[in-house]
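Using this note's numbering, read the sequence shown as starting at 1 and increasing by one per residue.
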Amino acid sequence: MAHVVIIGASTGGMPAAYEIKEILGKGHQVTVVSNTPLFHFVPSNPWVAVGWRERGDTSFEIEPYLSRKNIDFIPVAAKEIRPDDNQVELADGRVLDYDYLVIATGPKLAFDEVEGLGPEGGHTQSVCTLGHAETAYGEWKKLLDDPGPVVVGAVQMASCFGPAYEFAFIMDSDLRKRKIRDQVPMTYVTSEPYIGHLGLGGVGDSKTMLESELRSKHMKWICNAKVTKVEEGKMFVDEHNDAGEVIKQHELPFKFSMMLPAFKGVDAVAAVGEDLVNPRGFVKVDEYQRNPKWNNIYSVGVCIAIPPVEATPVPTGTPKTGYMIESMVTATSHNIKDDIEGKAPSTTATWNAICLADMGDTGVAFVAMPQIPPRNTAWMKKGKWVHLAKIAFEKYFIRKMKKGTSEPIYEKYVLKAMGIMKLK
1 MAHVVIIGAS TGGMPAAYEI KEILGKGHQV TVVSNTPLFH FVPSNPWVAV
51 GWRERGDTSF EIEPYLSRKN IDFIPVAAKE IRPDDNQVEL ADGRVLDYDY
101 LVIATGPKLA FDEVEGLGPE GGHTQSVCTL GHAETAYGEW KKLLDDPGPV
151 VVGAVQMASC FGPAYEFAFI MDSDLRKRKI RDQVPMTYVT SEPYIGHLGL
201 GGVGDSKTML ESELRSKHMK WICNAKVTKV EEGKMFVDEH NDAGEVIKQH
251 ELPFKFSMML PAFKGVDAVA AVGEDLVNPR GFVKVDEYQR NPKWNNIYSV
301 GVCIAIPPVE ATPVPTGTPK TGYMIESMVT ATSHNIKDDI EGKAPSTTAT
351 WNAICLADMG DTGVAFVAMP QIPPRNTAWM KKGKWVHLAK IAFEKYFIRK
401 MKKGTSEPIY EKYVLKAMGI MKLK
(Lines of atoms letter the chains of each structure in order from A and count residues from 1; the text may use other names and numbers.)
(Lines give C-alpha, C1' and ligand atoms only; values in the text may rest on other atoms or scores of the structure.)
Protein backbone atom coordinates (compact mmCIF):
# COMPACT_ATOMS: atom_id res chain seq x y z
CA MET A 1 0.00 0.00 0.00
CA ALA A 2 1.33 3.43 -0.95
CA HIS A 3 0.84 6.45 1.30
CA VAL A 4 0.39 9.76 -0.54
CA VAL A 5 0.69 12.89 1.61
CA ILE A 6 -0.63 16.16 0.18
CA ILE A 7 0.41 19.45 1.79
CA GLY A 8 -2.27 22.05 1.11
CA ALA A 9 -6.04 21.87 0.74
CA SER A 10 -7.01 24.73 -1.53
CA THR A 11 -7.79 24.78 -5.26
CA GLY A 12 -4.84 22.49 -5.99
CA GLY A 13 -4.57 20.25 -2.94
CA MET A 14 -8.19 19.30 -2.44
CA PRO A 15 -8.87 18.31 -6.08
CA ALA A 16 -5.57 16.40 -6.00
CA ALA A 17 -6.74 14.43 -2.98
CA TYR A 18 -9.97 13.41 -4.68
CA GLU A 19 -8.37 12.55 -8.00
CA ILE A 20 -5.43 10.62 -6.54
CA LYS A 21 -7.75 8.65 -4.27
CA GLU A 22 -10.07 7.81 -7.15
CA ILE A 23 -7.25 6.75 -9.48
CA LEU A 24 -5.30 4.72 -6.89
CA GLY A 25 -8.32 3.08 -5.30
CA LYS A 26 -9.02 1.65 -1.84
CA GLY A 27 -5.71 -0.17 -1.49
CA HIS A 28 -3.76 3.07 -0.97
CA GLN A 29 -3.83 5.80 1.66
CA VAL A 30 -4.17 9.53 0.99
CA THR A 31 -3.57 12.08 3.75
CA VAL A 32 -4.13 15.82 3.38
CA VAL A 33 -2.28 18.27 5.64
CA SER A 34 -3.43 21.89 5.85
CA ASN A 35 -2.73 24.91 8.03
CA THR A 36 -6.48 25.61 8.15
CA PRO A 37 -9.54 23.40 8.73
CA LEU A 38 -11.47 25.36 6.11
CA PHE A 39 -11.58 25.24 2.33
CA HIS A 40 -11.71 28.77 0.90
CA PHE A 41 -12.66 29.49 -2.70
CA VAL A 42 -9.96 32.09 -3.30
CA PRO A 43 -11.34 33.57 -6.58
CA SER A 44 -14.34 34.90 -4.61
CA ASN A 45 -12.21 37.02 -2.28
CA PRO A 46 -12.62 40.26 -4.30
CA TRP A 47 -16.38 39.93 -3.78
CA VAL A 48 -15.88 39.35 -0.05
CA ALA A 49 -13.80 42.54 0.17
CA VAL A 50 -16.75 44.71 -0.90
CA GLY A 51 -19.39 42.78 0.99
CA TRP A 52 -20.87 40.89 -1.97
CA ARG A 53 -20.01 37.56 -0.30
CA GLU A 54 -19.61 36.38 3.28
CA ARG A 55 -17.39 33.68 4.79
CA GLY A 56 -20.17 31.11 4.75
CA ASP A 57 -20.76 31.65 1.03
CA THR A 58 -17.25 30.69 -0.04
CA SER A 59 -15.81 28.36 2.62
CA PHE A 60 -16.63 25.15 4.46
CA GLU A 61 -15.14 22.61 6.88
CA ILE A 62 -12.84 20.25 4.99
CA GLU A 63 -12.77 17.16 7.20
CA PRO A 64 -16.34 15.85 6.72
CA TYR A 65 -16.04 15.88 2.93
CA LEU A 66 -12.62 14.25 2.73
CA SER A 67 -13.69 11.69 5.31
CA ARG A 68 -16.57 10.57 3.10
CA LYS A 69 -14.00 9.59 0.48
CA ASN A 70 -11.81 7.79 3.04
CA ILE A 71 -9.15 10.50 2.82
CA ASP A 72 -7.38 11.39 6.07
CA PHE A 73 -7.23 15.06 7.01
CA ILE A 74 -4.90 16.76 9.50
CA PRO A 75 -5.55 20.51 10.06
CA VAL A 76 -2.00 21.23 11.21
CA ALA A 77 0.67 23.13 9.29
CA ALA A 78 3.73 21.36 7.93
CA LYS A 79 6.87 22.41 9.80
CA GLU A 80 9.62 20.52 7.97
CA ILE A 81 10.04 18.30 4.92
CA ARG A 82 12.74 15.60 5.05
CA PRO A 83 13.00 14.34 1.47
CA ASP A 84 15.82 11.86 2.12
CA ASP A 85 13.77 10.22 4.87
CA ASN A 86 10.39 10.50 3.09
CA GLN A 87 8.95 12.33 6.07
CA VAL A 88 6.98 15.47 6.88
CA GLU A 89 7.07 16.91 10.39
CA LEU A 90 4.00 18.85 11.47
CA ALA A 91 3.83 21.90 13.70
CA ASP A 92 2.48 19.78 16.57
CA GLY A 93 5.49 17.44 16.45
CA ARG A 94 3.86 14.57 14.60
CA VAL A 95 5.87 12.96 11.81
CA LEU A 96 4.22 11.50 8.71
CA ASP A 97 5.98 8.91 6.57
CA TYR A 98 5.12 9.04 2.89
CA ASP A 99 5.77 7.11 -0.28
CA TYR A 100 4.74 10.08 -2.41
CA LEU A 101 4.50 13.73 -1.43
CA VAL A 102 2.41 16.29 -3.30
CA ILE A 103 3.22 19.91 -2.48
CA ALA A 104 0.17 22.11 -3.09
CA THR A 105 0.74 24.77 -0.46
CA GLY A 106 0.05 27.85 -2.51
CA PRO A 107 2.38 30.82 -1.92
CA LYS A 108 3.83 32.75 0.96
CA LEU A 109 2.69 36.36 0.64
CA ALA A 110 5.83 38.49 0.57
CA PHE A 111 4.45 41.72 2.05
CA ASP A 112 7.76 42.18 3.87
CA GLU A 113 9.54 42.93 0.60
CA VAL A 114 7.93 46.39 0.50
CA GLU A 115 8.02 48.57 3.59
CA GLY A 116 4.51 49.28 4.86
CA LEU A 117 2.76 46.82 2.53
CA GLY A 118 -0.04 44.55 3.64
CA PRO A 119 -2.84 44.37 6.19
CA GLU A 120 -0.72 42.93 9.01
CA GLY A 121 1.37 45.78 10.28
CA GLY A 122 1.17 47.68 7.00
CA HIS A 123 -1.18 50.16 5.39
CA THR A 124 -2.65 48.34 2.38
CA GLN A 125 -5.26 45.63 2.00
CA SER A 126 -5.16 42.24 0.28
CA VAL A 127 -7.60 39.82 -1.34
CA CYS A 128 -5.18 36.88 -1.28
CA THR A 129 -6.84 35.13 1.66
CA LEU A 130 -10.35 35.06 3.06
CA GLY A 131 -9.19 36.67 6.30
CA HIS A 132 -7.48 39.46 4.39
CA ALA A 133 -10.58 40.01 2.26
CA GLU A 134 -12.72 40.30 5.40
CA THR A 135 -10.28 42.83 6.84
CA ALA A 136 -10.41 44.74 3.55
CA TYR A 137 -14.21 44.86 3.77
CA GLY A 138 -13.93 46.51 7.17
CA GLU A 139 -11.71 49.20 5.66
CA TRP A 140 -13.98 49.43 2.59
CA LYS A 141 -16.92 50.34 4.81
CA LYS A 142 -14.85 53.15 6.32
CA LEU A 143 -14.21 54.48 2.81
CA LEU A 144 -17.93 54.38 2.03
CA ASP A 145 -18.58 56.53 5.11
CA ASP A 146 -15.75 58.93 4.27
CA PRO A 147 -14.92 58.73 0.53
CA GLY A 148 -11.49 59.59 -0.83
CA PRO A 149 -8.68 58.40 -3.15
CA VAL A 150 -8.13 54.71 -3.87
CA VAL A 151 -4.91 53.04 -5.08
CA VAL A 152 -5.14 49.49 -6.38
CA GLY A 153 -2.83 47.15 -8.29
CA ALA A 154 0.14 44.81 -7.93
CA VAL A 155 3.71 45.42 -6.75
CA GLN A 156 7.00 44.32 -8.29
CA MET A 157 7.51 40.54 -8.57
CA ALA A 158 3.75 39.96 -8.38
CA SER A 159 2.61 37.14 -10.63
CA CYS A 160 -1.18 37.16 -10.27
CA PHE A 161 -2.52 40.31 -11.90
CA GLY A 162 -6.07 39.20 -12.68
CA PRO A 163 -7.45 39.77 -9.17
CA ALA A 164 -6.00 43.30 -9.13
CA TYR A 165 -7.92 44.23 -12.29
CA GLU A 166 -10.99 42.44 -11.00
CA PHE A 167 -10.96 44.27 -7.71
CA ALA A 168 -10.45 47.64 -9.38
CA PHE A 169 -13.54 47.15 -11.53
CA ILE A 170 -15.56 45.58 -8.70
CA MET A 171 -14.83 48.61 -6.51
CA ASP A 172 -15.87 50.90 -9.35
CA SER A 173 -19.12 48.97 -9.79
CA ASP A 174 -19.92 49.02 -6.08
CA LEU A 175 -19.23 52.75 -5.83
CA ARG A 176 -21.40 53.50 -8.85
CA LYS A 177 -24.27 51.50 -7.37
CA ARG A 178 -23.95 53.58 -4.22
CA LYS A 179 -23.76 56.77 -6.34
CA ILE A 180 -20.51 57.94 -4.74
CA ARG A 181 -18.06 57.02 -7.51
CA ASP A 182 -17.54 60.72 -8.22
CA GLN A 183 -16.07 61.14 -4.73
CA VAL A 184 -13.42 58.42 -5.14
CA PRO A 185 -10.47 59.11 -7.50
CA MET A 186 -8.85 55.77 -8.46
CA THR A 187 -5.30 54.99 -9.61
CA TYR A 188 -4.16 51.59 -10.88
CA VAL A 189 -0.49 50.90 -10.08
CA THR A 190 1.21 47.87 -11.62
CA SER A 191 4.64 46.41 -12.25
CA GLU A 192 3.42 45.28 -15.69
CA PRO A 193 5.16 47.03 -18.59
CA TYR A 194 1.74 47.92 -20.00
CA ILE A 195 -1.89 47.53 -19.07
CA GLY A 196 -3.14 44.06 -19.99
CA HIS A 197 0.28 42.38 -19.89
CA LEU A 198 -1.03 40.09 -17.11
CA GLY A 199 2.35 38.43 -16.65
CA LEU A 200 1.70 36.69 -19.97
CA GLY A 201 3.04 39.19 -22.50
CA GLY A 202 -0.57 40.18 -23.20
CA VAL A 203 -3.37 37.99 -24.51
CA GLY A 204 -4.98 38.98 -27.79
CA ASP A 205 -5.95 42.63 -27.60
CA SER A 206 -5.88 42.74 -23.80
CA LYS A 207 -3.83 45.96 -23.78
CA THR A 208 -6.29 47.99 -25.84
CA MET A 209 -9.36 46.53 -24.17
CA LEU A 210 -8.23 46.97 -20.57
CA GLU A 211 -6.85 50.45 -21.23
CA SER A 212 -10.23 51.34 -22.70
CA GLU A 213 -12.01 49.92 -19.66
CA LEU A 214 -9.82 51.83 -17.21
CA ARG A 215 -10.25 55.00 -19.23
CA SER A 216 -14.04 54.63 -19.44
CA LYS A 217 -14.16 54.04 -15.68
CA HIS A 218 -12.07 57.20 -15.09
CA MET A 219 -9.12 55.35 -13.57
CA LYS A 220 -5.60 56.65 -14.01
CA TRP A 221 -2.77 54.13 -14.25
CA ILE A 222 0.98 53.84 -13.74
CA CYS A 223 2.86 50.97 -15.41
CA ASN A 224 6.46 49.82 -14.95
CA ALA A 225 5.84 50.81 -11.34
CA LYS A 226 7.94 49.84 -8.35
CA VAL A 227 6.38 50.54 -4.97
CA THR A 228 9.26 51.66 -2.75
CA LYS A 229 7.33 52.10 0.51
CA VAL A 230 3.89 52.75 1.91
CA GLU A 231 3.00 55.06 4.76
CA GLU A 232 -0.38 55.60 6.33
CA GLY A 233 -2.43 57.22 3.59
CA LYS A 234 0.45 57.57 1.12
CA MET A 235 2.20 55.29 -1.40
CA PHE A 236 5.61 56.01 -2.91
CA VAL A 237 6.04 54.72 -6.45
CA ASP A 238 8.97 54.85 -8.89
CA GLU A 239 7.88 54.78 -12.52
CA HIS A 240 10.42 53.27 -14.96
CA ASN A 241 10.97 53.45 -18.70
CA ASP A 242 11.53 50.45 -20.97
CA ALA A 243 15.23 50.49 -20.08
CA GLY A 244 14.42 50.11 -16.41
CA GLU A 245 15.42 53.69 -15.55
CA VAL A 246 13.38 55.74 -13.08
CA ILE A 247 11.63 58.50 -15.01
CA LYS A 248 9.20 59.77 -12.40
CA GLN A 249 8.54 59.41 -8.69
CA HIS A 250 4.97 59.51 -7.45
CA GLU A 251 3.51 60.15 -4.01
CA LEU A 252 -0.04 58.83 -4.16
CA PRO A 253 -2.45 59.72 -1.35
CA PHE A 254 -5.14 57.16 -0.51
CA LYS A 255 -7.88 56.41 1.95
CA PHE A 256 -8.10 52.81 0.77
CA SER A 257 -5.54 50.69 -1.05
CA MET A 258 -5.40 47.06 -2.18
CA MET A 259 -2.07 45.96 -3.61
CA LEU A 260 -1.24 42.37 -4.50
CA PRO A 261 2.16 41.32 -3.12
CA ALA A 262 4.88 39.21 -4.63
CA PHE A 263 4.73 35.48 -3.93
CA LYS A 264 7.38 33.19 -2.48
CA GLY A 265 7.53 29.56 -1.43
CA VAL A 266 6.23 28.77 2.06
CA ASP A 267 8.88 28.38 4.76
CA ALA A 268 8.69 24.59 5.23
CA VAL A 269 9.20 24.04 1.50
CA ALA A 270 11.79 26.77 0.90
CA ALA A 271 13.91 25.53 3.80
CA VAL A 272 14.70 22.25 1.97
CA GLY A 273 17.07 24.14 -0.31
CA GLU A 274 18.12 24.41 -3.91
CA ASP A 275 17.60 20.76 -4.86
CA LEU A 276 13.86 21.20 -4.26
CA VAL A 277 13.23 24.90 -4.86
CA ASN A 278 14.43 27.89 -6.87
CA PRO A 279 15.76 31.07 -5.17
CA ARG A 280 12.18 32.29 -4.57
CA GLY A 281 11.26 29.05 -2.83
CA PHE A 282 9.09 27.65 -5.64
CA VAL A 283 9.25 23.90 -6.23
CA LYS A 284 11.27 22.71 -9.22
CA VAL A 285 9.36 20.17 -11.30
CA ASP A 286 9.90 18.32 -14.57
CA GLU A 287 7.31 17.84 -17.30
CA TYR A 288 5.66 15.14 -15.17
CA GLN A 289 5.25 17.45 -12.12
CA ARG A 290 8.06 15.59 -10.30
CA ASN A 291 11.01 17.16 -8.57
CA PRO A 292 14.17 16.31 -10.57
CA LYS A 293 16.12 15.05 -7.54
CA TRP A 294 13.37 13.41 -5.49
CA ASN A 295 11.09 11.78 -8.06
CA ASN A 296 8.52 10.81 -5.43
CA ILE A 297 7.88 14.50 -4.68
CA TYR A 298 5.33 16.17 -6.93
CA SER A 299 4.01 19.71 -6.88
CA VAL A 300 0.97 21.49 -8.31
CA GLY A 301 -0.42 25.01 -8.35
CA VAL A 302 0.96 28.42 -7.49
CA CYS A 303 3.89 26.94 -5.53
CA ILE A 304 5.70 25.49 -8.57
CA ALA A 305 8.56 27.23 -10.34
CA ILE A 306 7.71 28.68 -13.75
CA PRO A 307 10.07 31.17 -15.43
CA PRO A 308 8.71 34.57 -16.50
CA VAL A 309 7.23 34.70 -19.98
CA GLU A 310 9.60 37.56 -20.80
CA ALA A 311 11.96 40.00 -19.11
CA THR A 312 10.25 43.21 -18.03
CA PRO A 313 11.75 46.54 -16.84
CA VAL A 314 10.20 45.98 -13.41
CA PRO A 315 10.18 42.28 -12.47
CA THR A 316 6.92 40.40 -12.95
CA GLY A 317 6.07 36.74 -12.41
CA THR A 318 3.99 34.27 -14.38
CA PRO A 319 0.47 33.39 -13.23
CA LYS A 320 -0.76 29.85 -12.68
CA THR A 321 -4.43 29.76 -13.64
CA GLY A 322 -7.16 27.28 -12.73
CA TYR A 323 -6.94 25.32 -15.97
CA MET A 324 -3.20 24.88 -15.55
CA ILE A 325 -3.63 23.72 -11.95
CA GLU A 326 -6.35 21.26 -12.95
CA SER A 327 -4.05 19.86 -15.61
CA MET A 328 -1.14 19.59 -13.15
CA VAL A 329 -3.37 17.64 -10.74
CA THR A 330 -4.38 15.17 -13.44
CA ALA A 331 -0.78 14.65 -14.56
CA THR A 332 0.37 14.11 -10.98
CA SER A 333 -2.39 11.60 -10.25
CA HIS A 334 -1.69 9.46 -13.32
CA ASN A 335 2.08 9.59 -12.91
CA ILE A 336 1.91 8.44 -9.29
CA LYS A 337 -0.24 5.52 -10.42
CA ASP A 338 2.26 4.72 -13.19
CA ASP A 339 5.13 4.75 -10.71
CA ILE A 340 3.32 2.44 -8.30
CA GLU A 341 2.75 0.03 -11.18
CA GLY A 342 6.40 0.18 -12.21
CA LYS A 343 5.73 2.15 -15.38
CA ALA A 344 7.49 5.26 -16.67
CA PRO A 345 5.51 8.49 -16.21
CA SER A 346 3.47 9.36 -19.29
CA THR A 347 1.16 12.27 -18.49
CA THR A 348 2.16 15.91 -18.82
CA ALA A 349 0.29 19.04 -17.82
CA THR A 350 -1.28 21.36 -20.38
CA TRP A 351 0.48 24.71 -20.18
CA ASN A 352 -2.42 26.88 -21.23
CA ALA A 353 -3.75 29.95 -19.44
CA ILE A 354 -7.47 30.52 -19.05
CA CYS A 355 -9.00 33.25 -16.92
CA LEU A 356 -12.51 34.46 -16.21
CA ALA A 357 -12.08 37.99 -14.84
CA ASP A 358 -15.10 39.60 -13.21
CA MET A 359 -15.60 43.32 -13.67
CA GLY A 360 -18.48 43.91 -11.30
CA ASP A 361 -21.35 43.90 -13.77
CA THR A 362 -19.56 42.49 -16.80
CA GLY A 363 -16.35 40.51 -17.31
CA VAL A 364 -13.52 39.45 -19.60
CA ALA A 365 -12.41 35.95 -20.56
CA PHE A 366 -8.81 35.34 -21.62
CA VAL A 367 -7.38 32.22 -23.27
CA ALA A 368 -3.67 31.79 -24.10
CA MET A 369 -2.69 28.48 -25.71
CA PRO A 370 0.11 27.88 -24.98
CA GLN A 371 0.84 30.30 -22.19
CA ILE A 372 4.25 31.28 -23.57
CA PRO A 373 4.19 33.01 -27.00
CA PRO A 374 4.03 32.35 -29.89
CA ARG A 375 0.56 30.91 -29.40
CA ASN A 376 -1.88 28.80 -31.32
CA THR A 377 -4.75 30.63 -29.65
CA ALA A 378 -4.86 34.12 -28.14
CA TRP A 379 -8.51 34.77 -27.45
CA MET A 380 -10.33 37.43 -25.44
CA LYS A 381 -14.00 38.30 -25.08
CA LYS A 382 -15.86 40.78 -22.92
CA GLY A 383 -19.47 40.49 -21.88
CA LYS A 384 -21.96 40.16 -19.06
CA TRP A 385 -21.91 36.41 -19.72
CA VAL A 386 -18.41 36.28 -18.18
CA HIS A 387 -19.69 37.84 -14.94
CA LEU A 388 -22.51 35.28 -14.87
CA ALA A 389 -20.14 32.46 -15.81
CA LYS A 390 -17.83 33.31 -12.90
CA ILE A 391 -20.75 33.24 -10.48
CA ALA A 392 -21.80 29.87 -11.88
CA PHE A 393 -18.22 28.62 -11.71
CA GLU A 394 -17.93 29.61 -8.06
CA LYS A 395 -21.07 27.70 -7.13
CA TYR A 396 -20.12 24.70 -9.26
CA PHE A 397 -16.57 24.43 -7.92
CA ILE A 398 -17.68 24.63 -4.29
CA ARG A 399 -20.33 21.96 -4.93
CA LYS A 400 -17.69 19.86 -6.68
CA MET A 401 -15.37 20.07 -3.66
CA LYS A 402 -18.18 19.07 -1.34
CA LYS A 403 -19.27 16.24 -3.60
CA GLY A 404 -15.74 14.94 -3.90
CA THR A 405 -15.60 14.53 -7.64
CA SER A 406 -12.39 14.78 -9.66
CA GLU A 407 -14.25 15.73 -12.83
CA PRO A 408 -12.16 18.18 -14.90
CA ILE A 409 -14.37 21.20 -15.36
CA TYR A 410 -12.31 23.58 -17.49
CA GLU A 411 -12.27 21.43 -20.59
CA LYS A 412 -15.79 20.17 -20.05
CA TYR A 413 -17.54 23.44 -19.31
CA VAL A 414 -15.45 26.61 -19.48
CA LEU A 415 -13.75 25.92 -22.79
CA LYS A 416 -16.93 24.58 -24.30
CA ALA A 417 -18.75 27.77 -23.34
CA MET A 418 -16.01 29.80 -24.98
CA GLY A 419 -16.19 27.72 -28.13
CA ILE A 420 -12.48 26.88 -27.94
CA MET A 421 -12.72 23.11 -27.55
CA LYS A 422 -15.37 20.49 -28.15
CA LEU A 423 -16.97 18.72 -25.23
CA LYS A 424 -15.00 15.56 -24.54
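Where is the CB? At the ideal position from N, CA and C, for every residue including glycine.
{"Asked": "Residue 375 versus residue 368: straight-line alpha-carbon distance, rounded", "Found": "7 Å"}
{"Asked": "Same chain, Cβ closer than 8 Å to residue 80, neighbours up to 5 away in sequence not counted", "Found": "88, 89, 268, 271"}
{"Asked": "Contacts around residue 251, its chain only, beta-carbon distance under 7 Å, and the 5 residues preceding and following it disregarded", "Found": "234, 236"}
{"Asked": "3-residue-minimum beta strand (DSSP E) runs that sit fully inside the segment 22-61, ordered along the chain", "Found": "29-33, 38-40, 59-61"}
{"Asked": "Extent of the continuous beta strand (DSSP E) to which residue 187 belongs", "Found": "186-190"}
{"Asked": "Beta-carbon contacts of residue 34 that lie in its chain and below 6 Å, excluding the five residues immediately before and after", "Found": "9, 75"}
{"Asked": "Sub-7 Å separation of residue 305 and residue 320 beta-carbons", "Found": "no"}
{"Asked": "Residue of 297, 336, 134 minimising C-alpha distance to residue 346", "Found": "336"}
{"Asked": "Segment contact, 8 Å Cβ cut-off, at least three pairs: the segment 116-135 with the segment 2-17", "Found": "no"}
{"Asked": "Any 3 or more C-beta pairs closer than 8 Å across the segment 193-204 and the segment 293-301", "Found": "no"}
{"Asked": "Span separating the alpha-carbon of residue 36 from that of residue 179", "Found": "38 Å"}
{"Asked": "C-alpha distance - residue 70 paired with residue 62, whole-angstrom precision", "Found": "13 Å"}
{"Asked": "Those runs of the beta strand (DSSP E) which lie wholly inside the segment 192-216 and span at least 3 residues", "Found": "none"}
{"Asked": "Classification of residue 241 by the beta-carbon crowding that lies within 10 angstroms, buried from 16 upward", "Found": "exposed"}
{"Asked": "Option nearest residue 195 by Cα separation, candidates 23, 162, 352, 141", "Found": "162"}
{"Asked": "Among 182, 276, 49, 300, the one whose alpha carbon lies nearest that of residue 7", "Found": "300"}
{"Asked": "Neighbourhood of residue 137 by C-beta, 6 Å cutoff - its chain only, sequence neighbours within 5 removed", "Found": "49, 51"}
{"Asked": "Element boundaries [beta strand (DSSP E), containing residue 161]", "Found": "That residue, residue 161, is in no beta strand (DSSP E); it is neither H nor E in DSSP."}
{"Asked": "6 Å Cβ shell around residue 275 - same chain, five flanking residues per side excluded", "Found": "293"}
{"Asked": "Cβ-Cβ distance between residue 156 and residue 191 below 7 Å", "Found": "yes"}
{"Asked": "Selection from 197, 176, 381, 169 that minimises the alpha carbon distance to residue 147", "Found": "176"}
{"Asked": "Span of the beta strand (DSSP E), counted from its first residue to its last, around residue 123", "Found": "From DSSP, residue 123 is part of no beta strand (DSSP E); its letter is neither H nor E."}
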